[in-house]
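K.L.:
Just so we're aligned, residue 115 is where the sequence shown starts under my numbering, counting upward by one. Have a look at this one before I ask anything.
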Amino acid sequence: MVKIGDIELPDFPLLLAPMEDVSDPPFRALCKEQGADVVYTEFVSSEGLIRNAAKSVMKLDIYEKERPVGIQIFGANMESMLQTIDIVEKSNPDIIDINFGCPVKKVVSKGAGAGILKDICLMEQLTAEMVKRTNLPVTVKTRLGWDHDSIKIVEVAERLQDVGCKAISIHGRTRAQMYKGDADWKPIAEVKNNPRMHIPVFGNGDIDTPEKAMLMRDSYGLDGAMIGRASIGNPWFFKQVKHFFETGEHLGPISLAERVDAARRHLQMAIDWKGETLGVFETRRHYTNYFRGIPHFKKYRMKMVTSDDSKDVFAAFDEVLDVFSDYQFV
């Protein structure tokens, strides 16, 4: 069993990574249904929250069916981050996660996200004060370091644990790498193998097949896997990994009917939560993966990603179900 504070999870839990404009309540619900053990919100700006910015506040919406769910926040100003704790607690999450890993320039330029990897002492101080501010378990998501020459993740993880961090998720790239090259899980294993570490250490980066998840578990000895890009338009990835763990075999292909049903439900939940315009727009990124592999699909995909009216998108789903009814996924 793996524990985050008092939250009990199964052996080698699978976590849905916080992803901007992806890890919203509709998508989290689908991933939870398909086996995600913990889900995280999109990352929330501390500065946006304390200024009551509508987009930031909306990201605090969580639902009982998602639990355990973590709200992830980012920022570099101590007072803002502490005020954010007070605001976030009102949403009653199970976990508060600190983003020390986002590599995006507009975040890093403010010293937040991966930008804080240049100041490990501030990273430690922020974590320590946030732990003191709440009774909820505080976790951290970060990267190996700022660049190849400043990888101190074993020391960083130990220091964060010592000030009360209850779990750490580590992306196997530096900020300088962004998302290029291959993720390196060896330094993450070094964190796990540090005899002073006793909190869960989760790996993140390039886990896009059940085999890789098993490699992370069996060869690198990590406590769980945080799944990001592999889940976009593919909430079944969690179920596929768990089936492979249990049987050593790949789960059979997801049928066209299941894919259409998931896409339809995803869109409807998105509209119900954020309204017609945003619901239609922000669900588009998933359709390529929902229907990946179908030949001569471009015409239908274009309808899905260019239509501004949900009626047209739903009609495209129905058309796909009809036209490709005999297609067999492999």
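Every residue gets a Cβ at the ideal spot worked out from N, C-alpha and C, and that includes glycine. No experiment lies behind these values; they were computed from the predicted model shown.
1) Name the residue from L130, T288, V277 and D175 whose alpha carbon lies nearest to the alpha carbon of I265.
2) DSSP three-state label for G227, please.
3) How is S159 classed by DSSP in three states: helix, strand or coil?
4) With DSSP as the reference, please indicate the residues paired to R331 in a beta bridge.
5) So, are the CB atoms of Q197 and T155 less than 7 Å apart?
6) In whole angstroms, what is the alpha-carbon distance linking T248 and D422?
7) From the DSSP output, in three-state form, read off N213 for me.
8) Can you check DSSP and say which residues form a bridge with H285?
9) Below 8 Å on the Cβ atoms is my contact criterion, and I expect P324 with F358 to pass it. Report the Cβ-Cβ distance as a whole number of Å.
10) What's the gap between the Cα of L329 and the Cα of I230?
11) Near M133, what residues of its chain come up, given a Cβ to Cβ distance below 7 Å and the 5 sequence neighbours on each side ignored?
12) Are the CB atoms of S104 and M340 nearer to each other than 7 Å?
13) Does the structure place the region 211 to 224 close enough to the region 169 to 176 that three or more beta carbon pairs sit under 8 Å?
14) Beta-carbon separation of D208 and V183 under 7 Å?
15) Looking at C-alpha atoms only, which residue of D233, E147, S369 and I302 is the closest neighbour of V444?
16) Distance, Cα to Cα, F352 vs S223?
17) Between the Cα of G335 and the Cα atoms of D322, P127 and I118, which residue gives the shortest distance?
18) For P367, which residues of its own chain have a beta-carbon under 7 Å away from its beta-carbon, when the five flanking residues on both sides are left out?
19) For E122, does the three-state DSSP call read helix, strand or coil?
20) Locate the alpha helix (DSSP H) running through M340, then write down its first and last residues.
21) Can you name the start and end residues of the alpha helix (DSSP H) that V153 belongs to?
22) Is the beta carbon of E134 within less than 6 Å of some heavy atom of the ligand HEM?
23) What is the DSSP secondary structure of V183, reduced to helix, strand or coil?
24) What three-state label does DSSP hand I346 in the structure shown?
25) Under DSSP, the alpha helix (DSSP H) around L435 begins and ends at which residues?
26) Give a yes or no on whether the C-beta atoms belonging to G215 and H285 are separated by under 7 Å.
P.N.:
In this structure, then:
1) T288
2) helix
3) strand
4) BP columns for R331 are empty, so no partner.
5) no
6) 42 Å
7) strand
8) R257 and N318
9) 3 Å
10) 30 Å
11) E156 and G342
12) The structure shown does not extend to residue 104, since the chain is modelled only from 115 to 444, so the question has no answer here.
13) no
14) yes
15) S369
16) 34 Å
17) P127
18) F443 and V444
19) strand
20) Note, M340: premise wrong, no alpha helix (DSSP H); beta strand (DSSP E) at G338 to I341.
21) Premise fails: V153 lies in the beta strand (DSSP E), V152 to Y154, not in any alpha helix (DSSP H).
22) What this structure holds is no ligand at all, so the ligand HEM is not there to describe.
23) strand
24) coil
25) S424 to V437
26) yes
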